[in-house]
Structures are given as structure tokens and as C-alpha cells.
Amino acid sequence: MKFRFPGFKILDRYILGKFLSTYFFAIAMILIIVVIFDYVEKIDDFTELKAPLKAIVFDYYLNFIPFFANQFSGLFTFIACIFFTSKMAYQTEIIAMLSGGMSFRRLMWPYFLGALIIGSMSLTLNLWVIPISQRHVVNFEQKYNKRRMRATYDQHIYRQIEPGTFVYVRGYTDAEKRASFFALEHYDGGKITRSLETSNVKFDPESKRWSAQKYIRRSFDSLGVETFTQHRNLDTLINLEATELGRINELVQTMNITELNTFLSQQRRKGSDSINIIEVERHARFAYPLSTFILTLIGVSLSSRKVRGGTGQHIGIGTALCFSYILILRFFQEFAKGGELSPGLAVWLPNIIYLFIAIYLYQKAPK
């Protein structure tokens, strides 16, 4: 049996046009509201730190919009489906289509085409556009947002740079490329064997070397007895760059998919404890756009039947389902980041659960 690709008819253009226009209108409205509230919240910082209007508009808000548009994409795909499909059901248009010989599966064709357009846009944003735009947002906020200026780096940073070797950095500032304290520790079987400690250490971005005027070497024998020696003029090259000192959750959001895969491979070689966070981010970039198809199927199946409550009831049930999807997704992601669940399973499980819900609602939809 050969699969016949359905032709694109006037009715398909009507449904696709309604779907996409409702989706983009809803996204535009929520973005206007978000931008206004964000500006009101941060206007004091912009004024006090003398942020130029051009930087606010082009460096911040122009790059701020893709991230939030993608964040709300699934919700408003869902709402767009429910809103105009429920309206067609209430006006008995869907009954007329089905009575005229159109199958429900054929009715889904323009919806899935719309979902393909929205999902492709979301995937492109996730893999390439948003990471670049987030870099501009971060750079802007480091200059003109007091809270982000203070919170770019943790006060105490602990990183594994290779199996059994850890770096502790305290009080690092990106502007001066300097930390108030630096320690390089080596472990064997869970016990520390030697360490290097220094204060007021500086990082050179070009040579990738860490330098200080004085440092101490400590060593521990099998009985735990410590010996230490003092030295001058530290100049060392270790497997750690200043970019890795940033908060991992924020750091990975500024990497495109190629950079993210490279960073993941690098951290695996180091035996880093941040691998789960990176893998969650990588899986989420593919899982979230794919959910567009699942949410579209749920939305159409749910709202295609005429009910007494009309559009309001459909939107209420649909919004509850959509928010529960987002809640479950975030819940599983946090478990994965903590190591309680496999990152791949945690990110894809909500899609699997809601795919079964979508199939059930599809079977119950009017035929």
C-alpha cells in the first residue's frame, strides 16, 4: 500500500492560516507584556548605570525576544489549536467536514504542517539562534544589571579538571581575571595526596596560564602526615579555562549545539560532575520542539468535539494539560541534574507520557 501525500486545498490553507495567525498573534501579545514588565522592573538599573537606548533595544531586548518566544512556544501552539478548533467545532464546521467524507486523520494534515513550521523554528532557535542571542543578553546584563553583575560567578567554585584532580577558586572576578584564592588538589582513593595553594592569582586568557607571586605545595603520606614548602613565582598551565568558572546552567545556554557537544566531550574526559546538567540541556533542545506535534494532536483531538462549555471549557482543560506537561518536564529535569534519573530518560519521558495521552484523545475524537 503506497502512502499518498494529500493535496493542499483551500480548506487546508484556511486551517493552516488560522493556526499560524492565532499562534503568532498570541506570541506577540505575551512578548509585549513580558517586555513591558521586564523594562519596568529594570528601569532603575538602566537609568543609574546609564545604559544607552540603542544597547537596551538592540543588544538586550532584540536578543531577549527569541528566548522568551521559544519558552512560550509550546503553550501557545496548544492554545492556538484549541482556540480556533473549538470555535469551528462550536459552529459545527468540523461536523460538516467529517460528514462530507473527510477523515479526522486527513483533517490533521494542515495542523501537522503548522506544527512542522513551528517545531522547525523552535529547533533552529534552540540549536543556533538562542545561544548567540543569550551571549549578547549576558554581556549586556553584566554591564547594566546590578543583580547579574554580582551573580555572574559563584563566590566558591569547585571544578574537576581530570579524574582525581580538582580546582577550588574563591572570589573570581571576570573584569580583572583574578581570584582571591586558588587551590589545585590531587586525590587517590578518596584521600588527598598533594595540593598547590596560592592567593591573589591571575588568569591570562591568551596563554591560558595562571600566575601568582607566591604559592605553597602540600603533600600527604599514607599516614596523613602533612609536609609543605613555600615557593615564588607561580606560572602554571592547567586544564581549566576562565569560561568554565561560570555557572554551568548559564554557561551551556550560551553554546550552540556544536559547541555544546564539544564541551560535553571535554567534560567527560575530565570526569566532571556537571555532565548531567550538560546532557539535560542537549536533550531538551531536541525534545521541546518535538513536543509541538504532541501538543498539537492533543489540542485538536480535545477541542474538535462540540461541548456545552464551548471554547472556555476546551481552553481550561487544554491549558491545565499544557502546564502539567511543563511542570513534569521541569520536575524530571531537576532529578536528572541531581543524578537521580538518566538525563535522556528524564527529558524524553514527558513526551512519551503525553504521546499516550494524545493517542487516547485522538481515538476518542469525533470521526
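Sequential numbering from 144 applies to the sequence shown in our numbering. Glycine included, C-beta positions come from ideal geometry on N, C-alpha and C. None of the values given here were measured: they were computed from a predicted structure.
C-beta atoms of residue i and residue j nearer than 9 angstroms
i	j	result
F210	S263	no
Y358	L380	no
Y315	Y301	no
L470	A479	no
T388	V312	The displayed chain sequence assigns Leu, not Thr, to residue 388. Going by C-beta atoms, L388 is nearer than 9 angstroms to V312.
L163	I260	yes
N269	F429	yes
F247	A508	yes
S362	T336	yes
S417	I391	yes
Y503	L472	no
S447	I222	no
G442	I153	no
A318	V344	no
K286	F227	no
P274	Q396	yes
R425	L403	yes
D364	T372	no
Contact set for residue i: own chain, Cβ-Cβ below 6 angstroms, skip 5 residues either direction
i	result
F346	K320, W353 and A385
G217	S434 and L438
A501	I437, L440 and I441
M144	For M144, the predicted model reports a pLDDT of 43, less than 50, meaning its position is unreliable; a value from the coordinates is still stated below. Here the set comprises nothing.
T165	A223, F226 and F227
I458	I225
D155	P253
Helix, strand or coil at residue i according to DSSP, with G and I counted as helix
i	result
A239	helix
D202	helix
D378	strand
M144	With a pLDDT of 43 at M144, under the threshold of 50, the modelled position of this residue cannot be trusted; read the value that follows with caution. The answer is coil: DSSP assigns M144 none of H, G, I, E or B.
S246	coil
M388	Note that residue 388 is Leu in the sequence shown, not Met. Three-state result, L388: helix.
N494	helix
K357	strand
A318	coil
K193	coil
T462	helix
A508	coil
E369	strand
K351	coil
F499	helix
E483	coil
Q136	Look at the range of the chain in this structure, 144 to 510, and you will see that residue 136 is not part of it.
D297	coil
K334	strand
L470	helix
Selected residue, minimal CA-CA separation from residue i, among the options
i	options	result
W491	I458, R448, I437 and K507	I437
G367	I176, I400, G333 and E191	G333
K197	T462, F283 and S485	F283
Q456	G244, A232 and L159	A232
P486	N419, V272, A322 and K351	N419
K157	A169, Y287, E402 and G257	Checking the sequence shown, residue 157 turns out to be Tyr, not Lys. Selected option, being the one with the closest Cα: G257.
N288	A326, I222, A318 and K185	K185
T308	D331, Y166 and S323	D331
D181	H374, H299, P195 and V200	V200
Q356	H374, T165 and E349	H374
H299	S467, M245, P306 and F325	F325
S415	G482, F371, P306 and E369	P306
Residue-level contact to chain B via CB, residue i, 9 angstroms cutoff
i	result
E328	The structure shown contains no chain B; it holds only a single protein chain.
Chain-order list of residues whose beta-carbon lies under 7 angstroms from that of residue i (same chain, five-residue window excluded)
i	result
I304	V310, I381, N382, L383 and K413
F146	Note that F146 scores 46 on pLDDT, short of 50, meaning its location in the model is unreliable; the coordinates nonetheless yield the value given after this. Taken in chain order, the list of residues that qualify is empty.
K351	L380 and E384
L159	P253, L256 and G257
Nonlocal neighbours in the same chain, by C-beta distance under 8 angstroms from residue i, ignoring five residues either side
i	result
I460	L445
V423	Q476, A479, K480, P486, A489 and V490
I170	A212, F215, S216 and F219
E349	none
Whether or not the segment 195-208 and the segment 265-282 are in contact is what I'm after, with contact meaning three or more pairs of Cβ atoms, one per stretch, closer than 8 angstroms; do they touch? Segments in contact, yes.
Meets three-Cβ-pair contact criterion under 8 angstroms: the segment 241-255 and the segment 177-191: Counting C-beta pairs closer than 8 angstroms gives fewer than three between the segment 241-255 and the segment 177-191, which falls short of the contact rule.
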